[in-house]
Each structure stands twice: as structure tokens, then as C-alpha cells.
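Here the sequence shown is numbered in the numbering used here, starting from 140 and rising by one per residue.
See below for the structure under consideration.
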Amino acid sequence: MRIRFIISILYLILGIMSIYTSLIIFFIPLLTLPLVKFHLNVKLTVKYIFLDIVIGILMYLTATNIMESIIYITLIICPAYSIIKAQEKKIINYPNLTFLTGTIIWGGLLLQGEAMKYYGYSYYSEYKLLINDFFGSIGDVTYYLALEELMLSIYPSTLFMSALLLSFITMSINQKRFQNLLVKQLLAFKLSKSIILISILAIIMIFITDIKYVSEIGLNLMFIVFILFYISGIWAIISYVTKSNIPPFAKLLVVIIILLLLPVIPIFPLLYGILDTIFNFRRVELKV
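Shown next as C-alpha cells:
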């Protein structure tokens, strides 16, 4: 308990010093490492959870702004908890854990975005500026406005992509001992067929209703489904390369070329991800 208390106090000091808001967001996953390492052989019990809650409250009361405690809870404590609880199982489904942790982080990012508004800054404002800069050169005003409205509508789901990336970084850092197993499982998973039902629900929400916020929820849901199909398709394509009989260097070269080309032709991994989910071409059993 003494070591865990010291770790928690260090988290509090970092919050008071405004370190969390000063760090580039993709470095935040490094801060989950002490917690996850401590709980490798120590069960996460109520007393440790209570300690983390107390630290979060103290951070809220003593730090310069509320963002420190929000980042501490949503990007450090909650993702660490998801990994710690998974470690207690004999077999870990890493793809499932990655998506679960990503969803937790996504909720944290959305909460941060709302809290930032009180300080005159938000992820949404930065996202809007980025959209304006990217599409500002389009001459057709009507087309530009329609495209801008569409991109702004799917802001929450674009944040989901960042959350998945943060989740993957968090998993890679904390599961370094099982890195080979992590990659092996990512190359051999498929999405559950229930995602097809979610897709149908999203389509209904987009096209069958005149209520704007319902349509936007459906649009974001559909975009998230597309992201999942796309990721599934990429890993599936890479898995074929890794299982081939070509030399290791050639495999690496082919994978790099694929990763460079896929953003240019995104429809291919997307379609393959959809078809592989339905027909399970690779005959894999690990599901998310």
C-alpha cells in the first residue's frame, strides 16, 4: 500500500504542477505505466479505487484548472483500470481490450472538449479551423458549405480515431512483455456480425428520420462502424503478408508499401473489412 500511495501522490503533484495539460496528448499513455505495473501482482480492490478518487478530488481542489483532474481520471486512471482488470484474466483478448480502452478514452476526450469551453478553448474549435483551412480553397461555395457541415457533424467520430490510436499506444506501452501476442491477435481477429445490425440501425437513423440530432448520431455511428471495418480490413490484409513465404525483409517492405498506399485507396480495406466480417475468409475465431 505504501508504494501505491507514493505513486498516487506523484500523480497529484504532476496535476498540481499542470504537467498533464502541458504534455502532448500522445505522451499521456506513458503515465499509465506505474499503475499497471504495480497491479501486475496486486489485485485492484476498493481501497485502491477509493485512493484514486481522493487523489482526483484533491487535484480538482488544488490544481490551477479542472482539466488536470479530468485528464488524470479519463486518460490515466480509467484506461489503466481496463488493462489492470484484463490482466486478472488468464487469457486476454487484446483487440477487444484495445477497442474497449479506446472507447473509454473517447468518452474522456469528449468530456475534456466540453470542459475546455470554460477556458475559451476546445478540440472542436481547433477541428473547425482545420476543416476551414483544408477545404477553404474550394471555389464552389455551396459545395464547400455542405462539405463543411458534413465534416463538423462527424466531429465526435473523428475524435474516436484519435482515441483508438491513444488506446493502441497505451496497450503497446503496458503490454511490452506480450508484444508478440498483441500483434498476433490483431492479425487474427474479426468483427462480430452484430456490427452489421449496428450499421443498419445507423442507416435508419440517417435516412428515415427528420430529427437533425438523431441523423447526426446515426452519421457518427456509421462513421465509427466504417473506421472499425477499415481497421479490420487493414489488419486482415497485413496478416496475409505475414503468413506468406517471402523473406522477412520483403514482408516488412510490402507491409510499408501497403500502409503508404491504403490511405490513398481507402475503399479497398473498407470493403474487405465488411466482407471478412460477413464471410470470415480467414477462418479466424477471435472476435471483437
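Don't be surprised by glycine CBs; every beta carbon is placed ideally from N, CA and C.
Inter-residue Cα distance where the pair is serine 311 and isoleucine 167: Linking serine 311 to isoleucine 167 through their CA atoms gives a straight-line distance of about 13 Å.
Verify whether the separation of the beta carbon atoms of proline 218 and threonine 160 is less than 8 Å. No, Cβ-Cβ distance for proline 218 and threonine 160 is not below 8 Å.
What three-state label does DSSP hand phenylalanine 420 in the structure shown? The DSSP-derived three-state label of phenylalanine 420 is coil.
Note down the Cα distance separating isoleucine 406 from tryptophan 374, rounded to an integer number of angstroms. So the alpha carbons of these two residues sit roughly 15 Å apart.
In the DSSP assignment, what residue or residues form a beta bridge with phenylalanine 328? In DSSP, phenylalanine 328 forms a bridge with Leu425.
Environment of valine 427 [buried if 16+ CB atoms lie within 10 Å]: Buried.
Mind checking whether leucine 409 and glycine 372 have CB atoms under 8 Å apart? Against a cut-off of 8 Å, the Cβ pair of glycine 372 and leucine 409 comes out as a contact.
Under a three-way DSSP split, which group does proline 168 fall into? The answer is helix: DSSP assigns proline 168 an H, G or I state.
Helix, strand or coil for aspartate 272 per DSSP? DSSP, reduced to helix, strand and coil, places aspartate 272 within a helical segment of the structure shown.
Can you name, in chain order, every residue of its own chain whose Cβ lies under 6 Å from the Cβ of serine 296, other than the five neighbours on each side? Within the same chain, Asn359, Phe362, Ile363 come within 6 Å of serine 296 by CB-CB distance, once the 5 residues on both sides are set aside.
Cβ neighbour criterion (16 or more within 10 Å) applied to alanine 341: Counting the other Cβ atoms within 10 Å of the Cβ of alanine 341 gives 16 or more, which makes it buried.
Hey, leucine 239 and serine 221 are a contact pair by Cβ (cut 8 Å); roughly how many whole angstroms apart? About 6 Å; that satisfies the 8 Å criterion.
From phenylalanine 365 to leucine 298, what does the alpha carbon distance come to, in whole angstroms? If you take the alpha carbons of phenylalanine 365 and leucine 298, they lie about 14 Å apart.
With burial defined as no fewer than 16 other Cβ atoms inside 10 Å of the residue's Cβ, what is the status of aspartate 349: buried or exposed? Exposed, because fewer than 16 other Cβ atoms sit within 10 Å of the Cβ of aspartate 349.
Can you tell me which of the three DSSP states serine 157 falls into? It is coil, neither helix nor strand.
Measuring CB atoms only, is the region 221 to 234 touching the region 173 to 181, in the sense that at least three cross pairs come out at less than 8 Å? A contact exists between the region 221 to 234 and the region 173 to 181.
On the DSSP letters alone, give me the boundaries of the alpha helix (DSSP H) that methionine 140 sits inside. No alpha helix (DSSP H) contains methionine 140, which DSSP labels as neither H nor E.
Does the distance from the C-beta atom of isoleucine 413 to that of phenylalanine 346 stay below 8 Å? No, these two residues do not count as a Cβ contact at 8 Å.
Could you check if threonine 213 is buried or exposed, using at least 16 other CB atoms within 10 Å of its CB as the buried criterion? The residue is buried, with at least 16 neighbouring Cβ atoms inside 10 Å.
Measuring only the C-alpha atoms, how far is lysine 329 from phenylalanine 165? Counting only the Cα atoms, phenylalanine 165 lies some 27 Å from lysine 329.
Taking the alpha helix (DSSP H) that alanine 115 belongs to, which residues open and close that run? Not covered by the structure: residue 115. The range shown for the chain is 140 to 427.
Contact defined as beta carbons within less than 8 Å: I believe serine 306 pairs with isoleucine 244. What is the distance between those atoms, to the nearest angstrom? Cβ-Cβ separation between serine 306 and isoleucine 244: approximately 6 Å, consistent with a contact (criterion under 8 Å).
Straight-line CA distance for methionine 140 to serine 301? A straight-line Cα-Cα distance of about 34 Å links methionine 140 and serine 301.
Does the Cβ of methionine 255 have 16 or more other Cβ atoms within 10 Å, making it buried, or fewer, making it exposed? The residue in question, methionine 255, is buried, as its Cβ has 16 or more Cβ neighbours within 10 Å.
With distance defined between alpha-carbon atoms, name the residue in Leu248, Gln324, Ile205 nearest to isoleucine 155. Ranking the options by Cα distance to isoleucine 155, first place goes to Ile205.
Compute the distance between the beta-carbons of serine 157 and glutamate 207, then report whether it is under 8 Å. In this structure, serine 157 sits near glutamate 207, with a CB-CB distance shorter than 8 Å.
Alpha carbon to alpha carbon, how far is leucine 284 from lysine 315? Give it in angstroms, no decimals. Rounded to whole angstroms, lysine 315 to leucine 284 spans 46 Å at the Cα level.
Give the single residue among Gly247, Ser383, Met290, Val193 whose Cα lies nearest to the Cα of tyrosine 266. It is Met290 whose Cα lies nearest to the Cα of tyrosine 266.
Helix, strand or coil: which one does DSSP assign to aspartate 415? Residue state, collapsed to three classes: helix.
Pairwise C-alpha distance: isoleucine 370 and tyrosine 411: Tyrosine 411 and isoleucine 370: Cα-Cα distance of roughly 10 Å.
Length at least 4, wholly inside the region 162 to 236: the alpha helix (DSSP H) runs in chain order: You should have 172 to 177, 185 to 201, 206 to 210, 217 to 226.
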